[in-house]
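Here the protein sequences come in this chain order: A and B. Position 20 of the first sequence, counting from 1, maps to 20 under full-length UniProt numbering, and the rest follow consecutively. Position 57 of the second sequence, counting from 1, maps to 57 under full-length UniProt numbering, and the rest follow consecutively. The beta carbon of each residue, even a glycine, is placed where N, CA and C say it ideally should be. Quick caveat: nothing in here was measured; it's all calculated off a predicted structure.
Protein chains: 2
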Amino acid sequence: MSEPEADAVFHALADTTRRDIVRRAIRREQSISSLAERYTMSFAAVQKHVAVLERSTLVVKERRGKEQIVRANLDTLRRATRLLDEFEAIWRDRVVRIDALLAEEASGATTAPSTESER
Amino acid sequence: MSEPEADAVFHALADTTRRDIVRRAIRREQSISSLAERYTMSFAAVQKHVAVLERSTLVVKERRGKEQIVRANLDTLRRATRLLDEFEAIWRDRVVRIDALLAEEASGATTAPSTESER
DNA sequence: GTAACGTACAACCAAATGGTTGCACAACTG
DNA sequence: CAGTTGTGCAACCATTTGGTTGTACGTTAC
Chain A
1 MSEPEADAVF HALADTTRRD IVRRAIRREQ SISSLAERYT MSFAAVQKHV
51 AVLERSTLVV KERRGKEQIV RANLDTLRRA TRLLDEFEAI WRDRVVRIDA
101 LLAEEASGAT TAPSTESER
Chain B
1 MSEPEADAVF HALADTTRRD IVRRAIRREQ SISSLAERYT MSFAAVQKHV
51 AVLERSTLVV KERRGKEQIV RANLDTLRRA TRLLDEFEAI WRDRVVRIDA
101 LLAEEASGAT TAPSTESER
């Protein structure tokens with residue numbers, strides 16, 4: 001997931017109503033009006049939330065007759081999860097590096113300390 | 001993760017600079033000024049990004065002498081990952097439900113909902 | 001002490017967000 | 001045909017965001 005895309009996805013997820021819409025859309029396809037019934041806010045407000053989700057590609061809209069059907073895009077959701085998993089991987093890498101460093105110290109090695117990649 | 005907390009976490013993650021700060025902080029502790037050096041924006045701007053991350057508890061600050069040290073909080077990161085995993089679980093549940101429904105239809109179950117249209 | 005460094009915070013600004021209402025329009029229903 | 005329903009969109013508003021500059025303050029170095 002490219003960084004700008006990730007911006008859009010996490011922004012879209014940073015709202016309780018939008019996460020709820022995604023959950024409903026995952027369970028089953030939803031028309032925008034059926035979604036709007038569920039919330040106290042106006043139809044237009046819900047429409048805007050759906051638009052935010054659509055821009056992030058977390059959902060796709062598909063016209064069916066006079067209705068617009070909202071479907072969840074699991075792929076984007078998975079890419080977001082994977083991005084968070086990368087953070088975890090960075091953490092594990094750090095642990096490995098520190099372990100290696102400690103082992104080196106313990107063995108009394110006096111050679112050059114690790115070439116920290118610094119990033 | 002409570003919903004308002006999730007709002008803060010995903011909002012914090014919805015910015016390339018902030019995700020980058022988190023990555024750096026995971027690799028090693030960072031002072032705010034050492035972080036600020038890495039970006040073209042002002043020190044105050046970086047300070048604000050760190051404040052957003054701190055509010056979401058994705059990082060914690062700890063004073064060390066005159067410096068303020070930023071450390072990543074993996075726990076919050078993991079809770080965010082878990083929340084995304086729940087979406088995946090909803091999806092799997094849907095698949096199971098649909099499979100069950102199809103199996104029921106195929107077996108010509110006595111209580112099949114569509115038997116009315118058979119003749 | 002003074003100087004330099006790292007930080008905190010306020011004031012300010014432009015742009016984006018999240019909500020509203022109102023209106024137009026296309027597609028079904030009778 | 002007329003009426004209802006579902007949608008799209010513009011205009012408007014208050015608040016938040018993401019950046020700036022400037023100032024003040026505590027800590028370390030000399």
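- Residue 80 of chain A and residue 108 of chain A have their C-alpha atoms spaced approximately 43 Å apart.
- One Cα belongs to residue 22 of chain A, the other to residue 76 of chain A, and the distance between them is close to 12 Å.
- In the DSSP annotation of this structure, residue 14 of chain B is not part of any beta strand (DSSP E), being labelled neither H nor E.
- Distance from the Cα of residue 16 of chain A is smallest, within the candidate group A/30, A/28, A/52, A/5, for A/52.
- Inclusion of residue 27 of chain A and residue 98 of chain B in the CB contact set at 8 Å is not warranted, their separation being larger than that value.
- The Cβ of residue 57 of chain A sits no closer than 8 Å to any Cβ of chain B.
- For the stretch 9–27 of chain B, the residues whose beta carbon sits under 9 Å from a beta carbon of chain A are, in order, 9, 10, 11, 12, 13, 14, 15, 16, 19, 20, 22, 23, 24, 26, 27.
- Proximity of residue 53 of chain B to chain A, defined by a Cβ-Cβ separation below 8 Å, is not satisfied.
- Beta-bridge annotation (DSSP): residue 30 of chain A is paired with A/70.
- Residue 94 of chain A reaches chain B at 26, 27, 28, counting residues in chain order whose Cβ is nearer than 9 Å.
- Short of 8 Å from the beta carbon of residue 73 of chain A, and not among the five residues preceding or following it, lie these beta carbons of its own chain, in chain order: 57, 58, 59, 60.
- Taking all protein chains in view, the Cβ of residue 101 of chain A is surrounded by fewer than 16 other Cβ atoms within 10 Å, so the residue is classified as exposed.
- Where residue 64 of chain A is concerned, there is no enclosing alpha helix (DSSP H), although the beta strand (DSSP E) around it starts and stops at 59–64.
- Using beta-carbon distances, residue 45 of chain A does not count as an interface residue toward chain B, since no partner is under 8 Å.
- No Cβ-Cβ contact shorter than 8 Å links residue 42 of chain A with residue 69 of chain A.
- For residue 40 of chain B, no Cβ of chain A is located within less than 8 Å of the residue's own Cβ.
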